[in-house]
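**Q** Going by mature numbering (1 follows the signal peptide of the UniProt record, and there is no 0), the letters in the sequence shown line up with residues -20 to -1, 1 to 151, in that order.
We put the CB at the ideal spot given by N, CA and C, even for glycine.
Quick one: the structure is below, questions incoming.
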Amino acid sequence: MPFSACRSFICLTIPLSFLASLSPVFDQLDLVTYEEVVKLPAFKRKTLVLLGAHGVGRRHIKNTLITKHPDRFAYPIPHTTRLPKKDEENGKNYYFVSHDQMMQDISNNDYLEYGSHEDAMYGTRLETLRQIHEQGLISILDVEPQVCVCVCVCVCVCVCVCVCVPIRLSS
């Protein structure tokens, strides 16, 4: 897999074989498809946001970057209200918190994003991003389009990469 640093840009080529037969989420959202782009002086970006529909390979790209470059990238450990499974450690796989604590933190705007799945809540606290930044690492977020607006507002100094299904695979 080719990986090279080109001045202040990171060039990454990963052959993807993911099929994304649906992307109606993009059609339902009020997304700005054009924004003025200006060249800024080089500076270290704190967060890399991988944006794309379900199934296009965001998680694969995230895992590849973290595995190959652990000295540069990290993924924020999510918080959850579910009970730990076997071999899961608090602070390693998830931060396990009570439902009341998570609801209190949400009302205090401590979460970048959150949601529920199978009667448990999951979310990414802003503090976990700050901890990654304090270590001098770039945090990687892999999100679906509906989270992008919140990410762009809350996590300034980020690079957003839209991951799309290749044309030859989409037809």
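Pick out whichever of Tyr94, Thr108, Lys26 has its Cα sitting closest to the Cα of Tyr102.
**A** The candidate whose alpha carbon is nearest that of Tyr102 is Tyr94.
**Q** Less than 6 Å between C-beta atoms, sequence neighbours within five positions excluded: which residues of the same chain meet that for Asn70?
**A** So the qualifying residues of the chain are Phe76.
**Q** Comparing C-alpha positions only, which one of Lys26, Val17, Met82 sits nearest to Glu114?
**A** Nearest C-alpha to Glu114: Lys26.
**Q** Quick one: grab the DSSP three-state call for Ser119.
**A** Of the three classes helix, strand and coil, the one that applies to Ser119 here is strand, per DSSP.
**Q** Is it the case that the Cβ atoms of Arg39 and Gly32 are separated by a distance below 7 Å?
**A** Not in contact: Arg39 and Gly32 (Cβ atoms no closer than 7 Å).
**Q** Comparing C-alpha positions only, which one of Glu68, Ile46, Cys140 sits nearest to Leu30?
**A** Closest by alpha carbon: Cys140.
**Q** So, for Ala54: in the same chain, excluding its five sequence neighbours on each side, which residues have a beta-carbon less than 8 Å away from its beta-carbon?
**A** These residues qualify, in order along the chain: Ile46, Ile112, Gln115, Leu117, Ile118, Ser119, Ile120.
**Q** Grouping DSSP H, G and I as helix and E and B as strand, with all else coil, what is Asn88?
**A** Three-state result, Asn88: coil.
**Q** Could you give the distance in angstroms between the alpha-carbon of Leu106 and the alpha-carbon of Ser78?
**A** Roughly 18 Å separates the two Cα atoms.
**Q** Using only the alpha-carbon positions, how far apart do Arg62 and Arg110 sit?
**A** C-alpha separation (whole angstroms): 24 Å.
**Q** Take Arg52 and list the residues in its own chain whose beta-carbon comes closer than 7 Å to its own, dropping the five residues that flank it on each side.
**A** Correct list, in chain order: Leu117, Ile118.
**Q** Could you have a look at Arg52 and say whether DSSP puts it in helix, strand or coil?
**A** Coil, per DSSP.
**Q** Leaving out five residues on either side along the sequence, give the residues of the same chain with a beta carbon under 6 Å from the beta carbon of Asp122.
**A** Excluding positions up to five away in sequence, the list reads Leu30, Arg38, Arg39, Lys42.
**Q** I want to check one thing, is the minimum distance from the CB of Val143 to the heavy atoms of the ligand NAD below 6 Å?
**A** The model depicted lacks the ligand NAD and carries no ligand whatsoever.
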